[in-house]
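Undergrad: Shown below is the structure under consideration.
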Amino acid sequence: MRPAWSVLFLTTLIGCAQGLAVALALAVLGLFGGPGAARVAGGPGLLMVLALGLVALIASFLHLGRPERAWRAAAMWRTSWLSREVIVLPAFLGVAALCWLWLSRLHAWPAWLALALLAGCGTLWVCTAMIYAGVRFIREWATPLTLLNFVLMGLASGFALAAALFAALGLPAAELAGWALGWTLLAFLGRMAALLRAARLVSAGSLQTAIGVRSKRIVQISRGFTAGSFNLHEFFHGQPEAVVRGVQGGFVLLGFIVPLALLGAGLGASRPLPWFALAWLVQMAGLLAERWHFFAQVNHPQNRYYAAAH
1 MRPAWSVLFL TTLIGCAQGL AVALALAVLG LFGGPGAARV AGGPGLLMVL
51 ALGLVALIAS FLHLGRPERA WRAAAMWRTS WLSREVIVLP AFLGVAALCW
101 LWLSRLHAWP AWLALALLAG CGTLWVCTAM IYAGVRFIRE WATPLTLLNF
151 VLMGLASGFA LAAALFAALG LPAAELAGWA LGWTLLAFLG RMAALLRAAR
201 LVSAGSLQTA IGVRSKRIVQ ISRGFTAGSF NLHEFFHGQP EAVVRGVQGG
251 FVLLGFIVPL ALLGAGLGAS RPLPWFALAW LVQMAGLLAE RWHFFAQVNH
301 PQNRYYAAAH
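As structure tokens, this is what we get:
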């Protein structure tokens, strides 16, 4: 599949926003310094959630051929996970905005609003991941690991950002950094499991099944087009296999290994903020590469028919 940068930014940024929102909501419920820390970090933290979400929304519009018709994307909510995501994402940001208004005006963040924010995060993760996990003929995606990894990578990046935020505000950040380290390790294990699974997949079809011919030897001599087409442009990334393997190694290193080392170093440092901030920045770059690979690793079934285009 050809990765669209707008979708890469959308899914990576909203995942981080959700992870940060979870960390802040858990602080309201008694973790990471409790409601006192949540009142201090909640204002800037929720603004970060909203900023990440709004940038992600803007990025999503860049993927549309006719942005003025974007509202129609919500019309198929009964059957489409994409339509559900289109509805749930603004709702999640609306709850985050309500939390910020409540906190800024009343200087309090009630537990029921924190629970609503957690529910919004969970619902949005399901909707986003199921857009891909629900496509059964793309077997690299059609696995529970897709949802698991979307959640774990969002929690990893969001908690790393929360640790940096708490450190910047002079709040105790070690517990948050420890959680970020744990989420990053789990995300690494989950992503490695998905890579191993994808490597073991056996092709479910062939040129024979693609065109309905039983002959044992088929040679394609034409791609069927005299000019470019959607099929040729959107279902293959156009990069050599060496590039895909390089990106895979890059996202493993930047998305998981280096952040683990930086978070660990920050836990033992007298000034942890630079370590935590750098861990988050490196991890976001790695997760963007991971999301590129998430699409590029897919060998779309239609490519069997248009093999000569490659």
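With the first letter of the sequence shown counted as 1, position 193 gets the number 193 in the working numbering; the numbers rise by one all the way through. Cβ coordinates follow ideal geometry from the N, Cα and C atoms, glycine included.
Does any CB atom of chain B fall closer than 8 Å to the CB of V28?
TA: In the structure shown, chain B cannot be found, because there is only a single protein chain.
Undergrad: Assign G170 to buried or exposed, taking buried as 16 or more other Cβ atoms, counted over all protein chains shown, within 10 Å of its Cβ.
TA: In the sequence shown, residue 170 corresponds to position 170, counting from 1. That one is exposed.
Undergrad: Anyone know if the C-beta pair for Q302 and V244 falls short of 8 Å?
TA: The residue you call residue 302 lines up with position 302 of the sequence shown. The residue you call residue 244 lines up with position 244 of the sequence shown. Their beta carbons are not under 8 Å apart, which means Q302 does not touch V244 by this criterion.
Undergrad: Please list, in chain order, all residues of the same chain as N149 whose beta carbon is under 7 Å from its beta carbon, the five residues on each side excluded.
TA: Walking along the sequence shown from the start, residue 149 turns up at place 149. Same-chain partners within the cutoff: A187, G190, R191, A194.
Undergrad: If you check the beta carbons only, do I138 and L82 fall under 8 Å apart?
TA: Against the sequence shown, residue 138 aligns to sequence position 138. Against the sequence shown, residue 82 aligns to sequence position 82. Not closer than 8 Å, so no.
Undergrad: Would you mind sorting F236 into buried or exposed? The rule is 16 or more other CB atoms within 10 Å of its CB.
TA: As a position in the sequence shown, residue 236 is number 236, starting the count at 1. Buried, by the Cβ-count rule.
Undergrad: Within 10 angstroms of its Cβ, does W112 collect 16 or more other Cβ (buried), or is it exposed?
TA: Start at 1 with the first residue of the sequence shown, and residue 112 comes out as number 112. W112 should be labelled exposed.
Undergrad: Would you tell me roughly how many angstroms separate the C-alpha atoms of I58 and R105, rounded to the nearest one?
TA: Numbered from 1 along the sequence shown, position 58 holds the residue referred to as residue 58. Numbered from 1 along the sequence shown, position 105 holds the residue referred to as residue 105. Distance between the alpha carbons of I58 and R105 is about 28 Å.
Undergrad: How big is the Cα-Cα spacing for P272 and L263?
TA: As a working mapping, residue 272 is identified with position 272 in the sequence shown. As a working mapping, residue 263 is identified with position 263 in the sequence shown. About 9 Å.
Undergrad: Could you say if the segment 12–23 and the segment 39–56 meet the contact criterion of at least three C-beta pairs nearer than 8 Å?
TA: yes
Undergrad: Three or more C-beta pairs closer than 8 Å, one from the segment 17–36 and one from the segment 146–162: is that the case here?
TA: yes
Undergrad: Between the C-alpha atoms of M48 and A75, what's the straight-line distance to the nearest angstrom?
TA: Indexing the sequence shown from 1 puts residue 48 at position 48. Indexing the sequence shown from 1 puts residue 75 at position 75. So the alpha carbons of these two residues sit roughly 30 Å apart.
Undergrad: Give me the Cα-Cα distance between R136 and R72, rounded to the nearest whole angstrom.
TA: By 1-based counting over the sequence shown, the position of residue 136 is 136. By 1-based counting over the sequence shown, the position of residue 72 is 72. C-alpha separation (whole angstroms): 24 Å.
Undergrad: Taking buried to mean at least 16 other C-beta atoms within 10 Å of its own C-beta, is W199 buried or exposed?
TA: Reading the sequence shown from its first residue, position 199 is the one you call residue 199. Note that residue 199 is Ala in the sequence shown here, rather than Trp. Exposed: under 16 other Cβ atoms inside 10 Å.
Undergrad: Beta-carbon separation of G286 and G255 under 8 Å?
TA: Stepping through the sequence shown from its first residue, residue 286 is reached at position 286. Stepping through the sequence shown from its first residue, residue 255 is reached at position 255. Their beta carbons are under 8 Å apart, which means G286 touches G255 by this criterion.
Undergrad: Look at the Cβ atom of A133, then the Cβ atom of L115, and state whether they are nearer than 8 Å.
TA: For the purposes of this step, residue 133 is taken as the residue at position 133 of the sequence shown. For the purposes of this step, residue 115 is taken as the residue at position 115 of the sequence shown. With a cutoff of 8 Å on beta-carbon distance, A133 and L115 are scored as not near each other.
Undergrad: Is DSSP giving A119 helix, strand or coil here?
TA: One-based indexing of the sequence shown puts residue 119 at position 119. Three-state DSSP puts A119 in a helix.
Undergrad: Taking L118 as the reference, give the member of W102, L145, L29, A180 with the closest Cα.
TA: Translated into positions along the sequence shown, residue 118 becomes position 118. Answer by Cα proximity: L29.
Undergrad: Return yes when the Cβ of F166 is within less than 8 Å of the Cβ of A277, no when it is not.
TA: For the purposes of this step, residue 277 is identified with residue 277 of the sequence shown, where counting begins at 1. For the purposes of this step, residue 166 is identified with residue 166 of the sequence shown, where counting begins at 1. The beta carbons of A277 and F166 sit no closer together than 8 Å.
Undergrad: Specify, as a first and last residue, the run of the alpha helix (DSSP H) that R191 falls within.
TA: Translated into positions along the sequence shown, residue 191 becomes position 191. Element bounds for R191: 174–199.
Undergrad: Would W280 pass as a contact of A160 if the rule is Cβ separation under 8 Å?
TA: As a first step, residue 280 is located in the sequence shown; it is residue number 280 there, counting from the start. As a first step, residue 160 is located in the sequence shown; it is residue number 160 there, counting from the start. A contact, by the Cβ cut-off of 8 Å.
Undergrad: When the Cα of A129 is compared with those of L10, L253, P274, A269, which residue comes out closest?
TA: Within the sequence shown, numbered from 1, the residue matching residue 129 stands at position 129. That would be L10, whose Cα lies nearest to the Cα of A129.
Undergrad: Starting from the Cα of T12, find the closest Cα among A91, R84, W125 and give me that residue.
TA: The count along the sequence shown starts at 1 and reaches residue 12 at position 12. Ranking A91, R84, W125 by Cα distance to T12 puts W125 first.
Undergrad: Check G19 in the structure and name its three-state DSSP category.
TA: Along the sequence shown, read from residue 1 onward, the residue named residue 19 stands at position 19. Note: G19 maps to helix in three-state DSSP.
Undergrad: Quick check on this structure: which residue in A142, E241, W183, F295 has the alpha carbon closest to the alpha carbon of I257?
TA: Stepping through the sequence shown from its first residue, residue 257 is reached at position 257. Among A142, E241, W183, F295, the Cα nearest to that of I257 belongs to W183.
Undergrad: Which of the three DSSP states is assigned to F61 in this structure?
TA: For the purposes of this step, residue 61 is identified with residue 61 of the sequence shown, where counting begins at 1. In the structure shown, F61 sits in a helix (DSSP, three-state: H, G or I).
Undergrad: Can you tell me whether W280 is helix, strand or coil according to DSSP?
TA: In the sequence shown, residue 280 corresponds to position 280, counting from 1. Helix, per DSSP.
Undergrad: For the candidate residues L46, L181, L288, whose alpha-carbon lies nearest to that of A265?
TA: Locating residue 265 in the sequence shown gives position 265, counting from the first residue. The option with the nearest alpha carbon to A265 is L181.
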